[in-house]
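Asker: Structure provided below as structure tokens; questions to follow.
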Amino acid sequence: MKDEGFKKKAVIGLSLGGVFALKVGQELKINGDVTMSVPIYREDTFLQKRVFHYAKGYKQLEGENEEQINLGNIFKIYLSIH
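As numbered in my numbering, the sequence shown has no gaps in its residue numbers, which increase by one up to the final residue, 93.
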């Protein structure tokens with residue numbers, strides 16, 4: 012973004028994306044962080060189940076069947092951003 016001339020950055024997240032936006036806001040230098048409808052249950056297991064649910068649904072939309080969907084990789088992604 013710097014190469015394209017942007018000087019200010021903001022992150023916006025809706026629902027579970029709001030949790031990720033908060034994480035980005037903690038880890039990167041940004042100018043704003045907007046969250047909407049962030050889950051009120053913040054226990055790790057609850058959020059993990061939601062991530063798995065949406066990631067699995069996304070993989071199914073991509074045309075992958077149950078055998079092709081590797082929840083272990085989804086879990087690694089979750090841990091890298093958690």
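Glycine included, every Cβ here is placed at the ideal spot set by N, Cα and C. Treat the numbers as computed from the prediction; the structure is a model and nothing was measured.
Here's the rule: buried if 16 or more other CB atoms are within 10 angstroms of the residue's CB, otherwise exposed. What is Ala-21?
Answerer: Residue mapping note: residue 21 aligns to position 10 of the sequence shown, counting from 1. Looking at its Cβ environment, which holds fewer than 16 other Cβ atoms inside 10 Å, Ala-21 is exposed.
Asker: Inspect the beta-carbon positions of Thr-56 and Gly-24 and report whether they are closer than 7 Å.
Answerer: Along the sequence shown, read from residue 1 onward, the residue named residue 56 stands at position 45. Along the sequence shown, read from residue 1 onward, the residue named residue 24 stands at position 13. Contact: no.
Asker: Following a CB-centred definition, is Lys-34 positioned closer than 6 Å to any heavy atom of the ligand FMN?
Answerer: Because no ligand of any kind appears in the structure shown, any question about the ligand FMN cannot be addressed here.
Asker: Got a sec? Which residues, its chain only, sit under 7 Å from Gly-43 by beta carbon, not counting five neighbours each side?
Answerer: On the sequence shown, residue 43 is found 32 positions in, with the first residue counted as 1. Excluding residues within five positions, the ones whose Cβ falls inside 7 Å are Ala-21.
Asker: Would the beta-carbon of Leu-33 fall within 7 Å of that of Arg-61?
Answerer: Here residue 33 is taken as the residue at index 22 of the sequence shown, counted from 1. Here residue 61 is taken as the residue at index 50 of the sequence shown, counted from 1. No, these two residues do not count as a Cβ contact at 7 Å.
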